[in-house]
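Chemist:
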Amino acid sequence: MDLPLVSIIIPVYNVEAYLVQCLDSIEKQTYKNIECIIVVDGATDGSYAIVKDYCKCHTRCKVYYQENAGSGPARNVGINYSSGEFICFIDPDDWVEVNYVETLIIEQMKGDFDLVISQSIDRKVTQQNKIISTSKKCRPIISYTTQDKCRENFSAIMFEYHYLDGPICKLFRTSLIRNNGIMFPSYRRSQDMVFNFRYYNYINSISTIPVHTYNIRYEYPLESGRGRIFEGYNEIIVKIYMELSEQLKAWNLHTSYETLLHTWVFWYLYAFIYRCANAYIAYDYINNEPYDTIIHKARPSLLVQKIIRFLFSIRAYAVANVLMRLVDKLK
């Protein structure tokens, strides 16, 4: 039996220090029927030169260049150029274990699953590439073989287990992507999550596996991100909220998932306000609908989260900001 070709798509932007480790981990895969499509997204460091040199020596690797547009559009370019029956996405500063693709394909072939998801390992790494801590994410293992079951259990998969947060650790069926025109939006943040739940709308089966074969790099020391508000963040929150809300309505699940949806989006507001160095910025951005509905209908579980939600509801953003900073320091 011929084994299916898997296209591995990597968007690249200014990661010259990590690229070779990522690419080498792909070249060492035990599953050999792969192609590696690298899309350089207007990188201003030495990334493009590194990739071009690498591709000269590794025939399974192909490189394409685009002006800087973001990782979402870069992944779309990769999809357009892919030849595989299945697609994987890998971030250029991460790396995978040698059996990464093989474990995904083996599981896919067991039940002809439309979506297969593995587990990841968080690696805190210094600038000298020394691993100083490791943490494995151990999420519940699930398997559903009908569209109804996939949709009935969407709540747990999306909101509780966070299986759809990013494009990594996943094996996608290329025909489902192309036949339904599924692409990454051009958002600067969270575009991968939108792609995932658009794809999820068309699947009839899903399986997750208890293997940790994808290494996520976290640079140490970590940057706090405070004071950095990228353009359009609040508009992206609204677009994600509206699209997901409409999708749940189409599945007749909006009522049963309403609280979970609002609580989930609430955490995006939390992250937004945390990054606001000036509370008045937060007030100007989110003192309107649908934020008011999101804040009032969210139901966070921990006491400190409930207090912060209350402070949001009365527009006491400065106080909430101080409390969030305190909580962050105590972690």
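Counting from 1, one number per residue, gives the positions in the sequence shown under UniProt numbering.
Heads up, the beta-carbon is just placed ideally off N, CA and C, and yes, glycines get one too.
#1: Pick out whichever of I142, I240 and E67 has its Cα sitting closest to the Cα of S205.
#2: In the structure shown, what three-state DSSP assignment does Y208 receive?
#3: Quick one: using the 10 Å Cβ neighbour count with 16 as the cut-off for buried, is Q191 buried or exposed?
#4: Can you round the beta-carbon distance between E35 and G78 to whole angstroms, since I take them to be within the 8 Å contact cut?
#5: Sorted by chain position, which residues of the same chain lie with C-beta nearer than 6 Å to S155's C-beta, five sequence neighbours on each side aside?
#6: Cβ of R217 within 8 Å of Cβ of R123?
#7: Measure the alpha-carbon distance for V98 versus H162 and round it to whole angstroms.
#8: Count the CB pairs spanning the stretch 106-123 and the stretch 35-47 that are closer than 8 Å, and state whether there are at least three.
#9: I'd like to know if the stretch 52-60 and the stretch 163-182 are in contact, where contact means that at least 3 CB-CB pairs between them fall below 8 Å.
#10: Terminal residues of the continuous alpha helix (DSSP H) containing I106?
#11: Count the CB pairs spanning the stretch 286-306 and the stretch 246-257 that are closer than 8 Å, and state whether there are at least three.
#12: Contact check, Y81 vs Y65 under 8 Å by CB: the rounded distance?
#13: Taking the alpha carbon of C276 as the reference point, which residue from A318, K28 and M193 has its own alpha carbon closest?
#14: Go through its chain and collect everything with a Cβ distance to Y241's Cβ below 8 Å, but skip five positions before and after it.
#15: Throw me the rounded Cβ distance for the G42 and E67 pair, which I believe falls under 8 Å.
#16: By the three-class DSSP mapping on this structure, what secondary structure does P11 have?
#17: Quick one: Cα of G72 to Cα of I236, how far?
#18: What are the complete alpha helix (DSSP H) segments, minimum 4 residues, inside the UniProt domain "Glycosyltransferase 2-like" (7-132)?
#19: When the Cα atoms are used, what is the spatial distance from R198 to R315?
#20: Starting from I216, follow its DSSP beta bridges and name the residues at the other end.
#21: Where do the ends of the beta strand (DSSP E) carrying residue 343 lie?
#22: Buried or exposed for V322, please, with buried defined as at least 16 other CB atoms from any protein chain shown within 10 angstroms of its CB.
#23: Give me the DSSP bridge partner(s) of residue 336.
#24: Give me the residue from I26, T208 and Y233 with the minimum Cα distance to Y187.
#25: Would the beta-carbon of T255 fall within 8 Å of that of A298?
#26: Under DSSP, the alpha helix (DSSP H) around K137 begins and ends at which residues?
#27: Do I90 and Y220 come within 8 Å of each other at the CB atom, strictly closer than that value?
#28: To the nearest angstrom, report how far apart Y274 and L5 are at their CA atoms.
#29: Quick one: give me the first and last residue of the alpha helix (DSSP H) that R325 is part of.
#30: By DSSP, does R151 sit in helix, in strand, or in coil?
#31: If you count every other CB in all the chains shown that lies within 10 Å of the CB of F272, and 16 or more means buried, which is it?
#32: Among R325, V12, L104 and T208, whose alpha-carbon lies nearest the alpha-carbon of P140?
#33: In angstroms, rounded to a whole number, what distance separates the CA positions of Q305 and E160?
Modeler: According to the structure shown:
#1: I142
#2: According to the sequence as given, residue 208 is Thr; it is not Tyr. T208: strand per DSSP, three-state reduction.
#3: buried
#4: The pair is not a contact, with the Cβ atoms about 10 Å apart (cut-off 8 Å).
#5: Y257 and L260
#6: yes
#7: 25 Å
#8: The answer is no - the stretch 35-47 does not touch the stretch 106-123, with fewer than three Cβ pairs under 8 Å.
#9: no
#10: Y100 to G111
#11: no
#12: Contact doesn't hold; Cβ gap of about 12 Å is too wide.
#13: It is A318.
#14: Closer than 8 Å at the Cβ level, and outside the excluded window around Y241, lie L261, V265, P290 and I294.
#15: 5 Å
#16: strand
#17: 14 Å
#18: 19-27, 47-57, 71-81 and 100-111
#19: Note on geometry: alpha-carbon atoms of R198 and R315 lie some 33 Å from one another.
#20: D122
#21: Nothing can be reported for residue 343, as the shown portion of the chain is limited to 1 through 331.
#22: exposed
#23: The structure shown does not extend to residue 336, since the chain spans only 1 to 331, so no value can be given for it.
#24: Checking every option, the nearest Cα to that of Y187 belongs to Y233.
#25: no
#26: Counting along the chain, K137 falls outside any alpha helix (DSSP H), and DSSP gives it neither H nor E.
#27: no
#28: 43 Å
#29: Y317 to L330
#30: DSSP places R151 in the helix class (H, G or I) of the three-state scheme.
#31: Label assigned to F272: buried.
#32: T208
#33: Take the alpha-carbon of Q305 and the one of E160: they are about 16 Å apart.
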